Amino acid sequence: MSKIKYYYDTETCKYERIKVKKRDVVINALGFLSLALVLAIGIIVVLSNYFDSPKELALKKENEELKLYYDIMQDQLTGMDDMLKVLQEKDDQVYRTVFEAEPIPETVREAGSGGVLKYRNLLESDLSNKDLVVGTLDKLDRVKKKMYIQTKSYDEVMQLARNKDAYYSAMPAIQPVSNEDLRRFSSGFGRRTDPILKVKRMHYGVDFSAEQGTPIYATADGKVVLARKDYNGLGWHIKIDHGFNFETVYGHMSKFNVKSGQMVKRGQIIGYVGNTGKSTAPHVHYEVHINNRAVNPVNYFYMDLDAEQYEEILRLSTIENQSLGSYANQ
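The structure is reproduced here in structure tokens:
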């Protein structure tokens, strides 16, 4: 019950009762409520600046967890990329070297996978942290591309391993003339004096001097792709395709023991030493081609010679003497 209030009336010299109008009561009440509401809102605003709501707390916790998972994923991607580099080095420097295969070019290994343009829709979206997401996806695509290339490389190396026996059978590994029948190693690979033109010209093979009719042997397994009776240049000569990009040529022969299209084995007699074509003495001119390019045949005589003999033939092959045949019309 509200208290009754009085006031002293100086005219009547009495205490008179204060009469409160209902309108004033309502106005006072509304004023109090308004003040209370303003104070409450102010308190809420102040508290919201210093304290998170349960929903905000949950979102912050979720963001912290996502950041942790993102950092872990980035570390794993970096670790995968580093491991791939180790595998690539072993592949190029060990496995491919063993099988004499060309290393994979760096431009192929590092080839892009479309770049961030693949994710144009993401970049144009309203997604928060879209640059972070796109950067991670692009990095993942690059790692996947490197893994794919490395897998294909291992498939190729495995195929080379399976073909190892065939590969070594196809590699020219002996002399075309037996040491017992060999008079001398006449001329080596490189620039030599032409016996007819008397000028220095490139000699794309080696010359073995031997008696007329001395057997000539196939230096590796292969297929005879040419047996030509020519009276210029190499004279009667044979070409054998050994596969694996190996070819050998035997020139100035006097007789063939095989024909074009025939398969031969290493050590099989394919013909005989002669003096046909532009030749100044009985001998066999012998060439080794790899990928259609002539290379020094003495590098492939390892099955016929011991270390001392091999060193000697290397020394003889470097002497700039006169070749026994001229190839001006080839």
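So the sequence shown is numbered by the working numbering: it starts at 426 and just counts up by one. Cβ atoms here follow ideal geometry from the backbone N, Cα and C, with glycine treated the same way. Only a predicted model underlies this, so the values are computations on that prediction, with no experimental measurement involved.
Do you know offhand how far residue i's Cα is from residue j's?
| i | j | result |
| --- | --- | --- |
| Leu622 | Leu659 | Model confidence at Leu622 stands at a pLDDT of 49, short of 50, so the residue's coordinates are unreliable and nothing is read from them. |
| Phe681 | Arg587 | 34 Å |
| Tyr642 | His667 | 14 Å |
| Asp655 | Gly702 | 7 Å |
| Lys486 | Leu460 | 37 Å |
| Cys438 | Leu462 | 43 Å |
| Ser634 | Thr522 | 35 Å |
| Arg718 | Thr673 | 11 Å |
| Glu514 | Val649 | 39 Å |
| Ile497 | Lys570 | 21 Å |
| Ala526 | Ala483 | 58 Å |
| Asp646 | Met505 | 44 Å |
| Ile466 | Leu458 | 12 Å |
| Pro707 | Lys690 | 25 Å |
| Ile663 | Val511 | 46 Å |
| Val559 | Leu491 | 16 Å |
| Ile599 | Ala652 | 21 Å |
| Gln518 | Phe524 | 11 Å |
| Asn721 | Gln499 | 51 Å |
| Leu464 | Pro479 | 23 Å |
So, is the C-beta of residue i closer than 7 Å to a C-beta in chain D?
| i | result |
| --- | --- |
| Tyr711 | In summary, chain D is missing from the structure at hand, where a single protein chain is found. |
Decide if residue i is buried, meaning its Cβ has at least 16 other Cβ atoms within 10 Å, or exposed.
| i | result |
| --- | --- |
| Ala591 | exposed |
| Asp632 | buried |
| Tyr629 | buried |
| Tyr697 | buried |
| Glu712 | buried |
| Met508 | exposed |
| Lys684 | exposed |
| Gly699 | buried |
| Thr644 | buried |
| Tyr494 | exposed |
| Tyr520 | buried |
Skipping 5 residues on each side, what residues in its chain have a beta carbon closer than 7 Å to that of residue i?
| i | result |
| --- | --- |
| Glu481 | none |
| Leu502 | Lys564, Leu565 and Val568 |
| Asn670 | Ile715 and Asn716 |
| Val534 | Going by the sequence as given, residue 534 is Arg instead of Val. Same-chain partners within the cutoff: Gln513, Lys571 and Ile574. |
Give the DSSP bridge partners of residue i, in chain order.
| i | result |
| --- | --- |
| Glu712 | Val674 |
| Tyr795 | Nothing about residue 795 can be read from this structure; the chain reaches only from 426 to 755. |
| Arg521 | Paired residues: none, contrary to the question. |
| Ala719 | His714 |
Excluding sequence positions up to five away, which residues of its chain have a Cβ less than 6 Å from the Cβ of residue i?
| i | result |
| --- | --- |
| Gln755 | Legend: pLDDT at Gln755 = 41, less than 50; position of this residue unreliable, value from coordinates given subsequently. Closer than 6 Å at Cβ, skipping near neighbours: Gly658. |
| Gly759 | No information on residue 759 is available, as it lies outside the stretch 426 to 755 that the chain covers here. |
| Phe726 | Gln600 |
Flag residue i as yes when its Cβ comes closer than 6 Å to any non-hydrogen atom of the ligand SAM, and as no otherwise.
| i | result |
| --- | --- |
| Asn716 | Ligands displayed in this structure: none; no statement on the ligand SAM is therefore possible. |
Could you pull out every residue in the same chain whose Cβ sits closer than 8 Å to the Cβ of residue i, ignoring the five residues on either side in sequence?
| i | result |
| --- | --- |
| Met678 | Ile641, Gly660, Trp661, His662, Ile663, Gly696, Tyr697, Val698, Gly699, Thr701 and Val709 |
message = Quick check on the DSSP output: what are the complete beta strand (DSSP E) runs of length 3 or more inside the region 625-695, in order along the chain?
response = 625-628, 631-635, 640-642, 647-654, 661-668 and 671-681
query = What are the complete beta strand (DSSP E) segments, minimum 3 residues, inside the region 557-617?
reply = 607-612
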